[in-house]
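Read the structure below first, then the notes.
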Amino acid sequence: MRSVSLFFGSVKRVFLVLSLFFVGGVSFAQSVSEGKALFQSKCTSCHAVNRVVIGPALKDVDQRHDEEWLIKWIQNSQKMIASGDAKAVALANQYKPNVMTAFPELTPENVKSIVAYIKEEGNKPATTNAAGAVDGASSSNDEVSDFMLGGLILVIVIAFLVIIILNRVIKTFERLLLQKQGVALEEEVVNETGKVQKLIAYLKLRAKNKKFIFFIVLGVVLVLGTVGWVGMWNTDVHTGYQPVQPIKFSHQLHAGVNKIDCQYCHTGAYKSKNASIPSLNVCMNCHNYVQATDKYNGEISPEIKKIYRALDYDPQTKKYGSSPKPIQWIRIHNLPDFAYFNHSQHVKVAGVKCQKCHGPIQNMEEVYQYSPLTMKWCINCHRETEVNYKGNAYYASLIAAHEKLKKGEKITAAVLGGTECAKCHY
Amino acid sequence: MNKLRLLIFSLSLVVVVVFMSSCFNNRSTGLEYAPNMYEHKAFDPDQPNENFKDGKTAQLPPDGTTPVGFDRLEDDYPNTLEGYEAASKSLSNPYPLTMANLEEGKTLYLNMCSHCHNFDGKGNGSIIKLQKFPPPPSYSTGTSSRGGAMKDLTDGKIFHTITYGVNLMGPHKYQLTPTERWKIVMYVHELQKLQ
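The listed protein sequences correspond, in order, to chains A and B.
Just so you know, we're using the numbering used here here: the first sequence kicks off at 1 and counts up by one.
Just so you know, we're using the numbering used here here: the second sequence kicks off at 1001 and counts up by one.
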């Protein structure tokens, strides 16, 4: 019995210690998770832990300033600057003209949990780097596979060469063998010419066979006809054209995953003839922050770096240089000069979705031409599309003219716009 | 002998296939006949142009000029805290609050703003949900980084912010004409009233 109670006692003690540890752990985890939630809702529009965004990077902020100072600063930074606190004034000068928002609603406890979260987050980079390293390895794997493909082709070519050489060697050996047996070498040559003669005789025989000739001619006509027909249909039709662009911009990522509207970047689509290729300042609306560093082992993505290089932008100082160079995108959809096409008429007036002509653009890693852009293709759509004339003043006079006709009234050329200046003067 | 013939046959087959496949190469535009109308002499805005020093066809308007339909906000209301306050005091929406204007504002808002600010202005749009970008404050419940509640932002303050951007939001004056910006301002006022 005694031993049983002893056993229970020790179990109790272990349990007590464990539970104490557990409770302590929970309260710490709670303040960190509360801090995380607060940090993400209040701070991230200007701060990150490991990099300067609008305000300073917050890693080791608990070592730079004491807790009391931080609470005062976060609750009302402007008041501190006005009161002439040396540290506060120095910070304000460093990040001019940006001002830190006052957060009077944050209690000292809230600030403490935010600092706890920053502390934990600041100690993390080793693990994120490891993840990045794995990614890096996988990307280098891709390069290896390219290398292997080249190697494979080389091996095949070498194998072919070896076969040819071996064949020759075998032939010379056979010849040597025949020489040893005393067979004359000339015989083979005679054989060769004999073969050619045989072939010619065979062809002559065939040439007299009218059926055979007919099928040959039919075959040639069919092949040439098909090649000619397909070739002419596809001349100047660029369907499937997919040039290599200077930046590997993925519509699948931007329009598909991120769900950014087409017109955010192609602002011309609803208000001008041209859908317009966005200039780089539009890219920078997001990519001044988004650098995809987690995918490239802590480095800025090489494709995003191309934007920075073209703009002569330094991501460290966030300053633009004086010699920007435009990115030369390659035009995919190209209409000849004898056809006039206006994007705004189709997008805004007709309300045609981009995908109707450009295909599943939100799934394209690399854009290709989806539609043939031939006259037949345009006309087919114009034949089927119903005009939405309601609320469109352009059709008002047309409708009025038809109403008149229905009533049996006469209509003049003027009703149909015959007196407009541009009908005669252009 | 047969082996060699087989070899030659297969090699020539490879050559033919390679030759044929070049006809269907998606990196080229394919067969073109008299492409003069495709590669026309008139310059497109997105083409290079030797006639200008910087080699671009799309040029900026000369200094001191204002394109039709655009404004010169920077003269009166610069991108500073003072400019922001001045805009708040003296700018107001020149467009009347009508259903048509609001509808247009809504379309523009959904196209240009909603991927960050969300369709309801609460600041959790598609990019924010994917955690690719930090969330902007909610129009109805958030606080502005330049003081005050987001729901109290005036015409001028919202217009100034869309024009120049603030914090992580970039300037949108290049994508939106003043008219379009004012229509968005009108719609944002509606979103401020949400609870």
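Beta carbons are placed, not taken as given, at the ideal position from N, Cα and C, and that holds for glycine.
Pick out whichever of the options has its Cα sitting closest to the Cα of residue i.
i	options	result
Glu365(A)	Ile74(A), Pro243(A), Met100(A)	Pro243(A)
Leu1110(B)	Ser1126(B), Tyr1095(B), Met1099(B), Leu1007(B)	Ser1126(B)
Leu1007(B)	Thr267(A), Ser41(A), Cys424(A), Ile165(A)	Ile165(A)
Ala90(A)	Thr172(A), Ala102(A), Ser77(A)	Ser77(A)
Ser323(A)	Phe173(A), Tyr308(A), Gln316(A)	Tyr308(A)
Val290(A)	Val52(A), His343(A), Gly35(A)	Val52(A)
Val99(A)	Gln1047(B), Asn1167(B), Asp1044(B)	Asn1167(B)
Ala1058(B)	Thr1065(B), Asp1044(B), Thr1066(B)	Asp1044(B)
Asp294(A)	Lys1132(B), Ala1149(B), Ser1144(B), Asn1036(B)	Lys1132(B)
Lys1129(B)	Tyr320(A), Ile260(A), Tyr340(A), Ala269(A)	Ile260(A)
Ser301(A)	Cys43(A), Ile247(A), Thr317(A)	Ile247(A)
Ala275(A)	Tyr264(A), Cys283(A), Met284(A)	Tyr264(A)
Asp1046(B)	Ser279(A), Pro336(A), Val32(A)	Ser279(A)
Ser1088(B)	Gly1147(B), Leu1176(B), Cys1113(B), Val1014(B)	Gly1147(B)
Pro336(A)	Asn1036(B), Leu1191(B), Pro1096(B), Leu1102(B)	Asn1036(B)
Pro1078(B)	Gly1069(B), Gly1105(B), Thr1161(B)	Thr1161(B)
Gly391(A)	Ala1100(B), Gly1142(B), Lys1193(B), Val1014(B)	Ala1100(B)
Leu1194(B)	Ala1086(B), Ser1140(B), Pro1048(B)	Ser1140(B)
Asp1054(B)	Lys325(A), Ala393(A), Thr385(A)	Lys325(A)
Thr44(A)	Thr1179(B), Met1169(B), Glu1180(B)	Met1169(B)
Cys283(A)	Ser272(A), Phe249(A), Phe214(A)	Phe249(A)
Arg1181(B)	Leu1102(B), Ala1042(B), Thr1065(B), Asp1076(B)	Leu1102(B)
Glu67(A)	Ala255(A), Tyr202(A), Lys119(A), Gln94(A)	Lys119(A)
Thr374(A)	Leu224(A), Gly228(A), His238(A), Gly225(A)	His238(A)
Compare the beta carbon distance of residue i and residue j with 7 Å and say whether it is the shorter of the two.
i	j	result
Lys1135(B)	Asn1118(B)	The sequence given here places Pro at residue 1135(B); Lys does not occur at that position. In this structure, Asn1118(B) does not lie closer than 7 Å to Pro1135(B) by Cβ.
Tyr241(A)	Thr1029(B)	yes
Asn281(A)	Tyr1038(B)	no
Val1185(B)	Phe1159(B)	yes
Ile153(A)	Gly35(A)	no
Leu1081(B)	Lys1183(B)	no
Tyr270(A)	Ser344(A)	yes
Pro104(A)	Ile71(A)	no
Ile330(A)	Gln245(A)	yes
Val352(A)	His346(A)	yes
Val49(A)	Glu121(A)	yes
Asp1152(B)	Asn1093(B)	no
Leu1091(B)	Thr1163(B)	no
Ser1138(B)	Thr101(A)	no
His47(A)	Leu38(A)	no
Gly1121(B)	Leu1191(B)	yes
Ile332(A)	Gln362(A)	no
Val415(A)	Ala401(A)	yes
Val32(A)	Ile74(A)	no
Looking only at DSSP bridge pairs, what is residue i linked to?
i	result
Lys319(A)	Asp314(A)
Lys87(A)	Bridge partners of Lys87(A): none, in fact.
Thr1143(B)	Ala1149(B)
Pro1048(B)	Lys1056(B)
Give a yes or no on whether 7 Å exceeds the smallest Cβ distance from residue i to chain C.
i	result
Phe338(A)	Among the chains of the structure shown, chain C does not appear; the protein chains present are A and B.
- [ ] Could you please tell me which residues of the segment 1116-1134 of chain B, in chain order, have their CB closer than 7 Å to any CB of chain A?
- [x] Ser1126, Ile1127, Leu1130, Lys1132, Phe1133, Pro1134
**Q.** Residues of the segment 29-49 of chain A with Cβ closer than 9 Å to any Cβ of chain B, in chain order
**A.** Gln40, Ser41, Lys42, Cys43, Thr44, Ser45, Cys46, His47, Ala48
**OP:** Name, going along the chain, the residues of the segment 1159-1179 of chain B whose beta-carbon falls closer than 7 Å to a beta-carbon of chain A.
**Re:** Asn1167, Leu1168, Gly1170, Tyr1174, Gln1175
Residues of the segment 1024-1040 of chain B in Cβ contact with chain A at a cutoff of 9 Å, in chain order, please.
Phe1024, Asn1026, Arg1027, Ser1028, Thr1029, Gly1030, Leu1031, Glu1032, Tyr1033, Ala1034, Pro1035, Asn1036, Met1037, Tyr1038, Glu1039, His1040
Listed in chain order, which residues of the segment 319-332 of chain A have Cβ atoms closer than 8 Å to some Cβ of chain B?
Pro326, Gln328, Trp329, Arg331
The segment 1077-1090 of chain B: which residues have C-beta closer than 7 Å to a C-beta of chain A, in chain order? Thr1080, Leu1081
If contact means a Cβ-Cβ distance below 8 Å, which residues of the segment 282-299 of chain A contact chain B? Val282, Met284, Asn285, Cys286, Asn288, Tyr289, Val290
field: Residues of the segment 1144-1155 of chain B with Cβ closer than 9 Å to any Cβ of chain A, in chain order
entry: Ser1144, Ser1145, Arg1146, Gly1147
| message | So within the segment 179-252 of chain A, which uninterrupted alpha helix (DSSP H) runs reach at least 4 residues, ignoring any that extend past its ends? | response | 186-207, 210-234
Residues within the segment 302-314 of chain A neighbouring chain B, beta-carbon criterion of under 9 Å: none
Practice problem: Could you name the residues of the segment 1049-1061 of chain B whose beta carbon sits closer than 9 Å to any beta carbon of chain A, in the order they occur along the chain? | Solution: Asp1054, Gly1055, Lys1056, Ala1058
**Message:** Output needed in chain order: residues of the segment 215-248 of chain A with a Cβ under 8 Å from some Cβ in chain B.
**Reply:** Gly231, Asn234, Thr235, Asp236, Val237, His238, Gly240, Tyr241, Gln242, Pro243, Val244
*Cβ-based contacts, 8 Å cut-off: residues of the segment 141-175 of chain A near chain B*: Phe160, Ile163, Ile164, Asn167
* Cβ-based contacts, 9 Å cut-off: residues of the segment 89-103 of chain A near chain B -> Pro97, Asn98, Val99, Met100, Thr101, Ala102, Phe103
Worksheet entry | Contact set between the segment 1096-1112 of chain B and chain A, restricted to residues whose Cβ is under 8 Å from the partner | Leu1110, Asn1111, Met1112
Requested in this report: Taking only beta carbons into account, state which residues of the segment 1062-1073 of chain B come closer than 7 Å to chain A, listed in chain order.
Outcome: none
When Cβ atoms are compared, which residues of the segment 49-78 of chain A fall closer than 8 Å to chain B? Val53, Ile54
Tell me the start and end of each unbroken alpha helix (DSSP H) in the segment 353-397 of chain A that is at least 4 residues and wholly inside, in chain order.
354-358, 375-384
Residues in the segment 354-375 of chain A having any Cβ partner in chain B nearer than 8 Å: Tyr368
| said: Tell me which residues of the segment 380-392 of chain A have at least one Cβ-Cβ distance to chain B shorter than 8 Å, keeping chain order. | reply: none
Using a Cβ-Cβ cut-off of less than 8 Å, give me the residues of the segment 1003-1014 of chain B that come near chain A, in sequence order.
Lys1003, Leu1004, Leu1007, Leu1011
Uninterrupted alpha helix (DSSP H) stretches inside the segment 1067-1147 of chain B (no shorter than 4 residues) = 1073-1076, 1081-1090, 1099-1112, 1114-1117, 1126-1129
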